[in-house]
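A.B. asks: Protein chains in written order, with this note's numbering: chain L, 43 to 398; chain E, 43 to 398. This is the structure I want to talk about, given as structure tokens.
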DNA sequence: CCGAACGAAGACAACGTTGTCAAGAAGGGA
DNA sequence: TCCCTTCTTGACAACGTTGTCTTCGTTCGG
């Protein structure tokens, strides 16, 4: 044993690594005791004195438990893997923030691995597979997949080996639990707001009509109108590119199509970038916001919404919350709890600013 | 040995873990051979046949090396730690992207840990310390610190235990290598562009004059003007809040102060958000961009710069490049190479759009 | 004064690798 | 036939923990 100790010490000198054995020695107790104290085990009985002696030794030596060794021995890593294209296309960064914060609270580490912006069925999943594989090599206890925009995705085969949760996207094969924004609720809230402000003739600047966001938000708009006994006039729905230019073009089309008295008094833009374009179209025509035309957006892209003049009233995508909820759901899964729902919807809250 | 094998197998059944021993058995070779092949060691001589047999077995069994065990045994984790407030305040996300991509290329993992937005000397470093500590527990081989905006920072004591590189910030104590944007070069490039377009009376909308970005960019502007035999008129430099409102106010002040013939024909806004406000001030006065007044920004905030109408010509902050360079520098350091420079400057390129 | 009950020590096997080494088997050339 | 490569093996000690068990002093209540 004396020999072992010497070897260890030599290693410590070489590598600057303080081990539990060192702590035990310094405190004059057994390794077992140290392990018990450090991992705070319940069934063990350790006197207060020994406990403080050990803690002092830990501080004195600057001991830092080796997470890898702990993982190896205890067969649990406390690591989750997050594979996401968000790093590549940083639109929904707040998902990462939410997940990261929640993981931190739960004393877990998030290993973030990049994936390319894959389309739903695309063959371009090289990076995604590789990322998943790498994460599994690290023995993560669960996986999260996060997308920049709400859509169906295909997840690599190997993801099924551990608990997996999808964030801001859903499993095209319908096998994995997912967290997505409540687009319909968001659309309802937006149009409700306009109705409350007295508008009844509302133009809609639509996204690509096939994506889940467009479908949901439009459906919500319809519901809100129905609640007020109104119907959505298909003529007032114009689709365009999801950019400022697209919004500008669409807004021009709606605004120029009718004589003043028939012109919609409010525009529901299905995203903030398009709202940005709509602003320009409105201002160009000498109209004021919200005096002549009220505008409401969607997405709450801070840089746009709160820097536009007047500041844009919009519906927020609950990225941060979805990230946090994803981690929570994953934690529940890894703890062996059954899934509560296949698809959890998260509220899209209205952010009142000055454009309505 | 037979006994050991049995135990292992039982464990494998329980835990679904395929180990090197399993692979060796399946391929009918020794563990040693498998280890040699998988870690691609040089001094070993393995016949082509054995090699393929082993690789086949790996695939057949779906063997995945256990990264933690490897790290433990080989004393290297292939992990770098990145502690950053960017996750919290996602302005400079591209630093993460650059670092992430580079790390991926180098077959290394980036552990990202959050820190709060700490001021230069603030006492608010609780999270930062904790993050650093956690990362060191994971036995990262080096640390990166990244800030959202260019400034001096204090790094936790324990960061000095491993190679450390600062990105978009610098060590207030001057001990650690750092990667920062070449603000002066950026300022020069911006004003040069305006000079080339024939402007000689240039207004400057300044940031808080004390931060490194303002100092550098202004210095660069001065150099460019000097190159054309001009001087920077201190009267034309107006400082404001680093927001659209601040930019609006500052632009109003400059535009309204002079009669038309003395009015500056170009504005150099030290960031894009202020340029956004300046746009409004200019348009409000019935002036056109770039016809009456040219505008150039700084930061290249995509959402603003490329969605403003006309699109904003601006100078880009090389976030992605800085991130990549940070990882490269760290790789050099961990490989034992000496540091080439205390502070590496990265070019800020001009992005031509339509506002000049 | 005896037997619990408690606090602690010590031993040992795992966890899945890496790394080193001595030694054996097969094959080739002289 | 013998030696010398070229492959390949088996053994063993690390790496730093966790986890389980047995053992052994103390101390305390009865």
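Virtual Cβ for every residue (Gly too), placed ideally from N, Cα, C. Note that the structure is predicted; figures quoted are calculated from it, not measured.
Since residue 340 of chain E meets chain L, which of its residues come closer than 7 Å, beta carbon to beta carbon?
C.D. replies: Here residue 340 of chain E is taken as the residue at index 298 of the second chain, counted from 1. In chain order: nothing, as chain L lies at least about 15 Å away.
A.B. asks: With a threshold of 16 other CB atoms inside 10 Å of the CB of residue 235 of chain E, please say whether the residue is buried or exposed.
C.D. replies: As a first step, residue 235 of chain E must be located in the second chain, where it is residue number 193. The residue in question, residue 235 of chain E, is buried, as its Cβ has 16 or more Cβ neighbours within 10 Å.
A.B. asks: Alpha carbons only, please: which of E:147, E:191, E:96 and E:76 is nearest the one belonging to residue 131 of chain E?
C.D. replies: Numbered from its first residue, the second chain carries residue 131 of chain E at position 89. Cα-wise, what sits closest to residue 131 of chain E is E:191.
A.B. asks: Along chain L, in chain order, which residues have C-beta atoms closer than 9 Å to that of residue 156 of chain E?
C.D. replies: By 1-based counting over the second chain, the position of residue 156 of chain E is 114. Simply 139, 142, 143 and 146.
A.B. asks: Pop quiz: residue 104 of chain L and residue 135 of chain L are said to be a contact at Cβ under 8 Å. What is the actual Cβ separation, rounded to whole angstroms?
C.D. replies: Here residue 104 of chain L is taken as the residue at index 62 of the first chain, counted from 1. Here residue 135 of chain L is taken as the residue at index 93 of the first chain, counted from 1. Between residue 135 of chain L and residue 104 of chain L the Cβ distance is about 35 Å, and since that is not below 8 Å, they are no contact.
A.B. asks: What three-state label does DSSP hand residue 294 of chain L in the structure shown?
C.D. replies: Here the question's residue 294 of chain L lines up with position 252 in the first chain. Helix, per DSSP.
A.B. asks: Please state whether DSSP places residue 165 of chain E in a helix, a strand or coil.
C.D. replies: Working through the second chain from its first residue, we reach residue 165 of chain E at position 123. With a pLDDT of 48 at residue 165 of chain E, under the threshold of 50, the modelled position of that residue is not reliable, and no figure is offered here.
A.B. asks: From E:100, E:319, E:102 and E:119, pick the residue whose C-alpha is nearest to that of residue 109 of chain E; which is it?
C.D. replies: Position 67 of the second chain, counted from the start, is the residue given in the question as residue 109 of chain E. Closest by alpha carbon: E:119.
A.B. asks: Going by CA-CA distance only, name the one from L:223, L:238, L:274 and L:229 that's closest to residue 245 of chain L.
C.D. replies: Taking the first residue of the first chain as 1, we reach residue 245 of chain L at position 203. The option with the nearest alpha carbon to residue 245 of chain L is L:274.
A.B. asks: Grab the span of the beta strand (DSSP E) containing residue 381 of chain E for me, first residue to last.
C.D. replies: Here residue 381 of chain E refers to the residue found at position 339 when the second chain is read from its first residue. Run containing residue 381 of chain E: none; DSSP gives neither H nor E here.
A.B. asks: According to DSSP, is residue 48 of chain E helix, strand or coil?
C.D. replies: Within the second chain, the letter at position 6 stands for residue 48 of chain E. Reliability of the predicted coordinates at residue 48 of chain E is poor, the pLDDT of 33 falling under 50, and the value obtained from them is presented with this limitation in mind. It is helical.
A.B. asks: Any C-beta of chain E within less than 9 Å: which residues of the region 316-332 of chain L qualify?
C.D. replies: If the cut-off is 9 Å between Cβ atoms, the region 316-332 of chain L has 318, 319, 322 and 325 near chain E.
A.B. asks: For residue 216 of chain L, which of helix, strand or coil comes out of DSSP?
C.D. replies: In the first chain, residue 216 of chain L corresponds to position 174, counting from 1. If DSSP states are grouped into helix, strand and coil, residue 216 of chain L belongs with coil.
A.B. asks: Which of the residues in the region 110-133 of chain E, read from start to end, lie with their CB under 8 Å from any CB of chain L?
C.D. replies: Here the close residues are 110, 111, 113, 114, 117, 119, 129, 130 and 132.
A.B. asks: Between residue 341 of chain E and residue 314 of chain E, how many whole angstroms is the CB-CB distance? I'm expecting something under 8 Å.
C.D. replies: For the purposes of this step, residue 341 of chain E is taken as the residue at position 299 of the second chain. For the purposes of this step, residue 314 of chain E is taken as the residue at position 272 of the second chain. With a Cβ gap of about 5 Å, residue 341 of chain E and residue 314 of chain E count as contacting.
A.B. asks: So does the region 301-315 of chain L actually touch the region 325-338 of chain L, counting three or more Cβ pairs closer than 8 Å?
C.D. replies: Taking 8 Å as the limit for Cβ pairs, the verdict is that the region 325-338 of chain L does touch the region 301-315 of chain L.
A.B. asks: Measuring straight from C-alpha to C-alpha, what distance separates residue 54 of chain L and residue 367 of chain E?
C.D. replies: Within the first chain, residue 54 of chain L is the residue found at index 12, counting from 1. Within the second chain, residue 367 of chain E is the residue found at index 325, counting from 1. In this predicted model, residue 54 of chain L has a pLDDT of only 30, less than 50, meaning its place in the structure is not dependable enough to derive any value.
A.B. asks: Taking 8 Å as the CB-CB limit, is residue 403 of chain E close to chain L?
C.D. replies: As displayed, chain E neither begins before 43 nor continues past 398, which places residue 403 of chain E out of reach and without an answer.
A.B. asks: Just checking my contact of residue 122 of chain E with residue 203 of chain E at CB under 8 Å: how many whole Å lie between their CB atoms?
C.D. replies: To locate residue 122 of chain E, count along the second chain from 1; it is residue 80. To locate residue 203 of chain E, count along the second chain from 1; it is residue 161. That belief does not hold up - the Cβ atoms of residue 122 of chain E and residue 203 of chain E are roughly 14 Å apart, past 8 Å.
A.B. asks: Using a Cβ-Cβ cut-off of 7 Å (strictly less than) and excluding sequence neighbours within five positions of residue 268 of chain E, which residues of its own chain qualify?
C.D. replies: Position 226 of the second chain holds residue 268 of chain E. None.
A.B. asks: Quick one, which residues of the region 172-188 of chain L are near chain E if we go by CB-CB under 8 Å, in chain order?
C.D. replies: For the region 172-188 of chain L, which is checked against every Cβ of chain E, the residues closer than 8 Å are 175, 176, 178, 179, 180 and 181.
A.B. asks: So which residues of chain E does residue 107 of chain L contact, with C-beta pairs closer than 7 Å?
C.D. replies: The count along the first chain starts at 1 and reaches residue 107 of chain L at position 65. Those are 179, listed as they occur along chain E.
A.B. asks: Looking at residue 286 of chain L: is its Cβ nearer than 8 Å to the Cβ of residue 318 of chain L?
C.D. replies: Translated into positions along the first chain, residue 286 of chain L becomes position 244. Translated into positions along the first chain, residue 318 of chain L becomes position 276. Cβ distance < 8 Å, so residue 286 of chain L and residue 318 of chain L count as in contact.
A.B. asks: Pull the bridge partners of residue 310 of chain E from the DSSP assignment, please.
C.D. replies: By one-based count along the second chain, residue 310 of chain E stands at place 268. According to DSSP, which records beta bridges pairwise, residue 310 of chain E is partnered with E:246 and E:338.
A.B. asks: Mind checking the region 275-298 of chain L against chain E and listing, in chain order, the residues whose C-beta falls within less than 9 Å of any C-beta there?
C.D. replies: Going along the region 275-298 of chain L in chain order, one finds 285, 286, 287 and 290 with a Cβ nearer than 9 Å to chain E.
A.B. asks: So, with DSSP's three-state summary, where would you put residue 251 of chain L?
C.D. replies: Mapped onto the first chain, residue 251 of chain L falls at position 209. In this structure, residue 251 of chain L counts as coil in the three-state DSSP scheme.
A.B. asks: Check the Cβ-Cβ distances between residue 135 of chain L and every residue of chain E, and say whether any is below 8 Å.
C.D. replies: As a first step, residue 135 of chain L is located in the first chain; it is residue number 93 there, counting from the start. Chain E, which has a Cβ nearer than 8 Å to the Cβ of residue 135 of chain L, makes this yes.
A.B. asks: Which word fits residue 157 of chain E, buried or exposed, when buried means at least 16 other C-beta atoms lie within 10 angstroms of its C-beta?
C.D. replies: Here residue 157 of chain E refers to the residue found at position 115 of the second chain. It is buried - the Cβ of residue 157 of chain E has at least 16 other Cβ atoms within 10 Å.
A.B. asks: Do residue 185 of chain L and the ligand ATP come close, with the Cβ less than 7 Å from some heavy atom?
C.D. replies: The ligand ATP is not part of the structure shown, which contains no ligands of any sort.
A.B. asks: Given that a residue counts as buried once 16 or more other Cβ atoms are within 10 Å of its Cβ, and exposed if not, what is residue 45 of chain L?
C.D. replies: As a position in the first chain, residue 45 of chain L is number 3, starting the count at 1. Low local confidence applies: a pLDDT of 34 at residue 45 of chain L is under 50, so the model's placement there is unreliable, with the coordinate-based value given in what follows. Counting Cβ neighbours within 10 Å, residue 45 of chain L comes out exposed, since fewer than 16 surround it.
A.B. asks: At least one CB of chain E closer than 8 Å to the CB of residue 151 of chain L: is that the case?
C.D. replies: Taking the first residue of the first chain as 1, we reach residue 151 of chain L at position 109. It does; some Cβ of chain E falls within 8 Å.
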